[in-house]
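Residue numbers for the sequence shown follow the working numbering, beginning at 18 and rising by one. Beta carbons are placed, not taken as given, at the ideal position from N, Cα and C, and that holds for glycine. Report on the structure given below.
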Amino acid sequence: MGLALAEGAAAQGADFLFRRPSVTLGLQVGYALPRAGSEIFDFTREQLTVEKSDFNSVSFGGEIGVRATERIDVAANLGFEKSSTRSEFRDWVDQDDLPIEQNTRFLRVPLTVGVKFYVTERGRRISRFSWIPKRWAPYLGAGGGIVWYEFDQRGDFVDFETLDIFFSDFESRGSSPLAYVAAGSELSLGARWLLTGEARYSWASAEMDRDFVGFDDIDLAGFRATLGFAARF
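Here it is as structure tokens:
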């Protein structure tokens, strides 16, 4: 009887799977807005022609989710966010009245594992042989992980004691624990495919390398919004 129902649904073009999906694989693209609240960002904005918005960047990511219950998934997510900004000193020029130029690069690569709690059930069985997804599936999420970062400033700089101009490449790289909260939704485009959207805020900070001695921990917190496609299996 159940097999007959499934075959009948298929004949009418209905979207269903022969079993409840257990894994979801997805790719996302979006926009990241770092909080940029620590001393190194304040110093950069004060001395160079860099604005807070210059640290914003396109975000790329991939995710795998494993279904734990009807309402809960355990999800692992890997992201990539990078900004690169050309600038010059605001109040200083060289001996020929030319700008003193440099480039600032900020990279974050977060790897997280968390829980997604779906507000409603994501689908229903219509028989022992078929599972039909619901159109919308909103969720809330939280978790933690690790974020790798690089902060690099390369170009010409002013020695404020001697007023000499020199070339250098200041770099700090490292990693830090990370915590996040998220909210999102999934739109079924059929039995297998999903359109996804998520807003996420993360908290993290890390000690800077000796090139930036005297600065406090770099702020790695920020907001990220993404859209993507996913497939369930």
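For A247 and L204, which I take to be in contact (beta-carbon distance under 8 Å), what is that distance rounded to the nearest angstrom? The pair is not a contact, with the Cβ atoms about 10 Å apart (cut-off 8 Å).
Could you compute how far the alpha carbon of I57 sits from the alpha carbon of G231? Annotation: I57 to G231 spans about 10 Å, alpha carbon to alpha carbon.
How would you call A92, buried or exposed, if buried means at least 16 neighbouring beta carbons within 10 angstroms? buried
Opposing strand residues paired with I182 [DSSP bridges]: V175
If G239 sits next to R88, beta carbons under 8 Å apart, how far is it from one beta carbon to the other, in whole angstroms? Between R88 and G239 the Cβ distance is about 28 Å, and since that is not below 8 Å, they are no contact.
Residues bridged to E118 [DSSP beta-bridge criterion]: E105
Can you tell me whether K69 is helix, strand or coil according to DSSP? helix
Who are the near neighbours of V110 in its chain, counting only those whose CB is closer than 8 Å to its CB and skipping five residues on each side? P116, I117
Using three-state DSSP, classify T61 as helix, strand or coil. Here T61 sits in helix by DSSP.
Does DSSP classify A27 as helix, strand or coil? Because the pLDDT at A27 is just 37, under 50, the model does not fix this residue reliably, and the value given afterwards should be weighed accordingly. Note: A27 maps to helix in three-state DSSP.
Proximity of Y156 and G191 at Cβ, strictly below 8 Å: no
Mind checking who I163 pairs with in its DSSP beta bridge? L128, P194
Report the option in L44, K151, A221, E105 whose CA atom is closest to the CA atom of G38. Looking at the sequence itself, residue 38 is Pro, so the reference to Gly does not match. It is K151 whose Cα lies nearest to the Cα of P38.
Contact under 8 Å by Cβ, F134 with S189: no
Backbone secondary structure at D111 - three-state DSSP: coil
Buried or exposed, going by whether 16 or more other CB atoms sit within 10 Å of the CB of W148? buried
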